[in-house]
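Asks: According to my numbering, the sequence shown is numbered sequentially starting from 45. In this text, a Cβ means the ideal position worked out from N, Cα and C, and glycines have one as well. Computed from a predicted model, the values in this text were never measured in an experiment. Dropping the structure in here first, questions after.
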Amino acid sequence: MQWRLARPQPATLITGLKRELELLQKVPAAPGDEVLVCDLSMQRNHAALLQLLARGVHVRYFDHHKVDQVPQHPALQAHIDFDAQVCTSLLVDRELKGRFRRWALVGAYGDNMTDTADKLAAGIGLQESDRRELRLLGEAVNYNAYGDEAADQHIAPQRLYALLVRYLDPLQFWRDEPIGRELDALRRADLDLALRLTPQDVGEHARLLMLPDAPWSRRVIGGLANAWASAEPQRAHAVFKADRRGGHVVSLRAPQATPGGADALCRRFGGGGRAGAAGIDHLPAAETLRFVDALAATSWGDAPPR
Ligand SMILES: [Mn+2]
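What follows is the structure, given as structure tokens:
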């Protein structure tokens, strides 16, 4: 949003569900084309990135997920930062020097970076009621990315983007377009169902929730983890949802008080993410106990807060 508003030009939008990460291989770019990549793990798209660069495509890459090695290539402009206090929206904001700060805040709120976003919002003189609307919009847009299949989503992200990009000011969008409030109402209804479930303690510093497999639970898993993380900032939260292969999808949040180590724990089980928020796409049933033991054994305070 921010980049397109700053540099308007015809572009093909390629997007996917929250867990569809290997998107770069779907980019049909020709030599001389420019590709803008946002919020997509470079680790998971490494080979496709090298292929694009070799083909003579220019790539501008903004991301905050852990990557072992950023290729050195004259046609790659990479803005990568793993700090727990940044998200991709804030990296773009940094590059554009705050030109579309209100949109940047929508992204940051949507990523549950409430404290950072509140400070930035206060810095540009936004009142509490405006901050609240930006937060609701961010959470609604973020929420719409969740689900295991297109039918789980209220509106296709491509269509939502086309509506959003017509507005320079997200507050105007929130007030003029009903879709933001529709998504907000859906999110609340799903969350109300999920919050009826009681988390179980896992050791002293973590809790675990088990969700059934249903359209609402496929959408709510990440938002539920964020809601519990905010409500209980001293504890880590793992939300499990049954998948169709007899295992689970896992969404993990480190304690907000010590936001580190979630990605490291998930990587041991084939998942990934960032320091404060990470996940596992498929945890086989046979691995469940090993994960729960590892969760109980994690001493979050020892992880560097980055
Ligand atoms: Mn992100």
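(1) Let me check you understand the geometry: is the CB of C131 closer than 7 Å to at least one non-hydrogen atom of ligand 1?
(2) Taking the straight line between their C-alpha atoms, what separation do you get for F126 and L84?
(3) In three-state DSSP terms, what is A341?
(4) Could you pull the DSSP bridge partners for K194 from this structure?
(5) Quick one: is P214 buried, meaning 16 or more other Cβ sit within 10 Å of its Cβ, or exposed?
(6) Between which two residues does the beta strand (DSSP E) containing E183 stretch?
(7) A200: buried (16+ other C-beta within 10 angstroms of its C-beta) or exposed?
(8) Figure out for me which residue from W344, H123 and R219 has the closest Cα to the Cα of S173.
(9) Can you find a heavy atom of ligand 1 that lies under 7 Å from the Cβ of D257?
(10) Can you tell which of H109, V114 and Q171 has its C-alpha closest to the C-alpha of Q129?
(11) For L325, report the span of its beta strand (DSSP E) as first-last.
(12) For A122 and R240, I'd like the C-alpha separation in whole angstroms.
(13) Please state whether DSSP places K62 in a helix, a strand or coil.
(14) With distances taken between CB atoms, is the gap from R231 to G267 smaller than 8 Å?
(15) Quick check on S28: buried or exposed, where buried means 16 or more other Cβ atoms within 10 Å of its Cβ?
(16) Going by C-alpha to C-alpha distance, which of F106, R88 and H102 sits closest to H117?
(17) Decide if L57 is buried, meaning its Cβ has at least 16 other Cβ atoms within 10 Å, or exposed.
(18) Could you check whether the Cβ of D155 sits closer than 7 Å to any heavy atom belonging to ligand 1?
(19) Nearest to E78 by CA position, among F335, Y105 and G323, is which residue?
(20) Closest by CA to L296, which one among D337, A250, A258 and D245?
(21) Are G323 and G314 closer than 8 Å when you measure CB to CB?
(22) Classify L140 as helix, strand or coil using the three-state DSSP reduction.
(23) Does A301 pass the burial test, meaning 16 or more other C-beta atoms within 10 Å, or should it be called exposed?
(24) Taking the alpha helix (DSSP H) that R311 falls in, what are its first and last residues?
Replies: In short:
(1) Taking the first residue of the sequence shown as 1, we reach residue 131 at position 87. Yes; taking the cut-off as 7 Å, the Cβ of C131 has a heavy atom of ligand 1 nearer than that.
(2) Numbered from 1 along the sequence shown, position 82 holds the residue referred to as residue 126. Numbered from 1 along the sequence shown, position 40 holds the residue referred to as residue 84. So the two alpha carbons sit approximately 13 Å from each other.
(3) Locating residue 341 in the sequence shown gives position 297, where the first residue counts as 1. Helix at A341.
(4) To locate residue 194, count along the sequence shown from 1; it is residue 150. Checking the sequence, you will find Ala at residue 194 rather than Lys. Note: A194 sits in no beta bridge, so no partner.
(5) As a first step, residue 214 must be located in the sequence shown, where it is residue number 170. Buried, by the Cβ-count rule.
(6) Walking along the sequence shown from the start, residue 183 turns up at place 139. Per DSSP, E183 belongs to no beta strand (DSSP E); it is in the alpha helix (DSSP H), E172 to Y187.
(7) Here residue 200 corresponds to residue number 156 of the sequence shown, with the count starting at 1. Classification for A200: exposed.
(8) Here the question's residue 173 lines up with position 129 in the sequence shown. Comparing Cα-Cα distances from S173 to each of W344, H123 and R219, the minimum goes to R219.
(9) Within the sequence shown, residue 257 is the residue found at index 213, counting from 1. The answer is no for D257.
(10) Reading the sequence shown from its first residue, position 85 is the one you call residue 129. Per the Cα distances, H109.
(11) Translated into the one-based positions of the sequence shown, residue 325 becomes position 281. Before going further, note that residue 325 is Asp rather than Leu in the sequence given. First-last of the beta strand (DSSP E) with D325: A321 to L327.
(12) As a working note, residue 122 is residue 78 in the sequence shown. As a working note, residue 240 is residue 196 in the sequence shown. So the two alpha carbons sit approximately 43 Å from each other.
(13) Mapped onto the sequence shown, residue 62 falls at position 18. Coil.
(14) Here the question's residue 231 lines up with position 187 in the sequence shown. Here the question's residue 267 lines up with position 223 in the sequence shown. Contact flag set, yes.
(15) With the chain represented from 45 up to 350, any question about residue 28 goes unanswered, as that position is not in the structure.
(16) Taking the first residue of the sequence shown as position 1, residue 117 is located at position 73. Comparing Cα positions, the closest option is H102.
(17) Along the sequence shown, read from residue 1 onward, the residue named residue 57 stands at position 13. When all chains shown are included, L57 counts as exposed.
(18) Stepping through the sequence shown from its first residue, residue 155 is reached at position 111. Correct: D155 has its Cβ closer than 7 Å to ligand 1.
(19) Mapped onto the sequence shown, residue 78 falls at position 34. Here the closest residue by C-alpha is Y105.
(20) For the purposes of this step, residue 296 is taken as residue 252 along the sequence shown, with counting starting at 1. It is A250.
(21) By 1-based counting over the sequence shown, the position of residue 323 is 279. By 1-based counting over the sequence shown, the position of residue 314 is 270. In this structure, G314 does not lie closer than 8 Å to G323 by Cβ.
(22) For the purposes of this step, residue 140 is taken as residue 96 along the sequence shown, with counting starting at 1. The answer is coil: DSSP assigns L140 none of H, G, I, E or B.
(23) Locating residue 301 in the sequence shown gives position 257, where the first residue counts as 1. Flag for A301 reads exposed.
(24) Position 267 of the sequence shown, counted from the first residue, corresponds to residue 311. Residues A306 to R311.
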